[in-house]
Each structure stands twice: as C-alpha cells, then as structure tokens.
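Q: Residue numbers (the numbering used here): 54 to 458. Backbone N, C-alpha and C fix where the C-beta goes; we use that ideal spot for every residue, glycine too.
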C-alpha cells in the first residue's frame, strides 16, 4: 500500500490485517457471482456474506420478478449487509449503485434497493451508474419495459444517475482503443476508469477537490433533471501514446465535444449544457485549467440562464492502468460529467420502443402475473413523458419563452 491511507475509502482493514472491499454483490441467480467473483482471481478478497445471491431462479428479464417476488425475498439480507458496512464507515458520504436498467435484476431489484436506501439513509447521496439499453444493441425483447419502469424509480430515489450504454462503450473500444470485438471485461475496465476519476478526490489530496456532496449541488439544477452524460480522455493505446501530444487544452476539448469519447449514445453538440464538472488528474496546474476553461467557454453551448456552468477538480494523482490493459499509462487525464439536454435523445428512443409494444399490450401478462398492477406501466410512461418535456423546456432560451407568453 502507498502509505497515504487512500485505500480506506473503499476498503476496511480487518483484525487479521487484510483489506475487505466495502461492497455488496447482489444477483437473483448464483451463476454469475459464483463464476466471476467466488471463483475469480480476487476471490479471497471478498467477505462471503457480502455476496448475496438467490437460489430460486433469476429475474428472467422481468422487472416485476426483481421488484415484487424473488427480489423481495433477498431484500432483508442485502439491507443487513449494507447497514453493517455503513456502521464500519467513519464518515459515510453516500452510495454508488451499479446496475443495468434493461435486465430484470438490475431494473427490478435495483429499484427496490434504491427505495429502501432512501428510507434508511435519507440524507446520504445516492449515485447510480446505470447501463441503459442501447439504441442498436439489445439483449432482451422487454428491455424498453424494464428501462421505463426502472427510470421512473431512478427519478425519485437517486441524486445523480450516470447514464452509460453498451453501444457507446463498444464504440469507444472499437474506434479509440482498437479493440475489434470488445468483451464485458473491456467495457467494465472503461467504466472503472471513469469511476476511479470521479472518486479520486475521496482517496487522494488535490489542489481542487470534489467530494460526493459536491456533485449533486453542482450538476443538478432541478431535482428531476439529474441524468448525466460522461466522457473521458485520453482514450489512447500504448502504441499510440508516444505519438500523441496530450495538453490540458486538447484533453478538455476532447471530453467536451468529441463523440468518440462519450460513454452515452447522444450527441451533446445538438444539446445545451446546464452544468458541467471536469475532473483533472495527474500533471495539471490550475493555470492550465483556467486557460482551457476560458477557451471552452467561447464555443461550449450553455443554456442562457446558466452562463458560468463549469466546476473543476484537480487531483495530483495520475491515473493508473491495468497491466496488459487496453489503455496506455499517461501523465494526465480528464473525466467530464455533464448535465446536457441531449440526454433526452436516449429517453425518447426508449419511450418510442415502449409505446410500440405497450400499444398492443405485448408481454404485459408476464409482469401482471408477478403481482404488478398494469397501471404502473402507464404511470411510469407518463412520468418519462413529463421528463422529456422538462428537458425541452429547459433547453429554450429566454427569448423563446417570452414569445410563448
């Protein structure tokens, strides 16, 4: 260990001198956790009680099974572990929840867990890293149902939702990192690099630190408008790194405007920024950051009621990489999370697919059969329609609003 105590944020030291992650793994069927965690290379690191799996079958891509039937049976065990880990924290700031909104466990049980975290920890920040269904790639026919029902819950029970989708992650691996057939390992490492940058300030000292409580205050202008786009730079392989000049200004331009650096399939150039948090790591000075920000303000498109918009974090700890991984070790890196009206594009795509199926009431009986009321579909869809309208209203200039009135 490096002697700074940085690992204590996400690890707890036991009496035996070992470090156990402050993490709970949950799945409604045991196979994935058994094969990847319990039998994986890091199996000795995790506490067995913190890997909670069901035995009565999985959620079968059904939100209702994850939320109302099979998921409910696991809830008490999961919450007991969450409370136990929370009690060991000296200064608990909040929770990071990783899930997919397209599957049954991620959408159904994920929503149930977030609802209970809101009840038990109402003052703590809840940040969800949500893998949303891709516009092109799909792993289940009922993804639109699960996603709309899950997003309905995310609106109410999270402070921030980082929208990530496999299509955008595949695109980054293909075009930026030259991985022709990315595996989930490639995609997960990419997401891990983003999460590492966002949490760097919790683990290492820096010139300008951004902690978990800063993110909601900085990025969320209204409670419902908390779905964020994410980008990262430099995305470069080891063989190209020596031929690239990666100045602070170049990296800033890349994270704010280059579609190949974004982890969400939406074009921010067609939307407007409401707020933006840019986290720099490594060999970066405040003067370089200020110069890059002043340049960015001249071309970055913000809503007219929020002209300043930028929050910067600077951390002196350079990003690390996995040996033989896809990304090169670099001296400096930038991660950007932003609230941009373009995120409504992803909502519109999912809502359209939902409408096509729900108009024929296709597959609805599988959800109703698990104890869910059919009215929940309409309620969730209306909530997302209202959210789309909210984004549209926010993107309007003062002059357009004045003309309407």
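1. How long is the line joining the alpha carbons of residue 339 and residue 367, rounded to whole angstroms?
2. Using DSSP bridges, identify the partner residues of residue 444.
3. Would the beta-carbon of residue 156 fall within 8 Å of that of residue 199?
4. In three-state DSSP terms, what is residue 163?
5. Taking C-alpha atoms, which residue in 278, 169, 74, 392 lies nearest to residue 479?
6. Could you please give me the residues that DSSP links to residue 147 through a beta bridge?
7. Here's the rule I'm using: 16 or more other beta-carbon atoms within 10 Å means buried, otherwise exposed. How should residue 55 be labelled?
8. Under 8 Å by Cβ, that's how I've got residue 208 and residue 390 pegged, so tell me the actual separation to the nearest angstrom.
9. Using only the alpha-carbon positions, how far apart do residue 163 and residue 149 sit?
10. Using CA coordinates, which residue listed in 178, 386, 300, 74 is at the minimum distance from residue 247?
11. Can you tell me whether DSSP reads residue 289 as helix, strand or coil?
12. By DSSP, does residue 95 sit in helix, in strand, or in coil?
13. Please classify residue 442: is it buried, with 16 or more other beta-carbons within 10 angstroms of its beta-carbon, or exposed?
14. Would you please verify whether the beta carbon of residue 256 is less than 8 Å from any beta carbon of chain B?
15. In the DSSP assignment, what residue or residues form a beta bridge with residue 280?
16. Tell me the residue span of the alpha helix (DSSP H) that contains residue 348.
17. What distance in whole Å lies between the Cβ atoms of residue 99 and residue 83, which are believed to be in contact at a cut-off of 8 Å?
A: Here's the rundown:
1. Distance between the alpha carbons of residue 339 and residue 367: 8 Å.
2. Answer is none; residue 444 lacks a bridge partner.
3. Going by C-beta atoms, residue 156 is nearer than 8 Å to residue 199.
4. Helix, per DSSP.
5. This structure cannot settle anything about residue 479, because the visible part of the chain is limited to 54 through 458.
6. 178.
7. Legend: pLDDT at residue 55 = 47, less than 50; position of this residue unreliable, value from coordinates given subsequently. With a threshold of 16 other beta carbon atoms within 10 Å, residue 55 falls short and is exposed.
8. Residue 390 and residue 208 do not touch by the CB rule: their CB atoms are close to 18 Å apart, not below 8 Å.
9. Distance from the CA of residue 163 to the CA of residue 149, rounded to the nearest whole angstrom, comes to 12 Å.
10. With distances taken between Cα atoms, residue 247 lies closest to 386.
11. Residue 289: coil per DSSP, three-state reduction.
12. DSSP, read as helix, strand or coil, puts residue 95 in coil.
13. Exposed, by the Cβ-count rule.
14. This model lacks chain B altogether; it includes just one protein chain.
15. In DSSP, residue 280 forms a bridge with 214.
16. The continuous alpha helix (DSSP H) containing residue 348 extends over residues 339–352.
17. Actually they are not in contact, since the Cβ atoms of residue 83 and residue 99 sit about 14 Å apart, beyond 8 Å.
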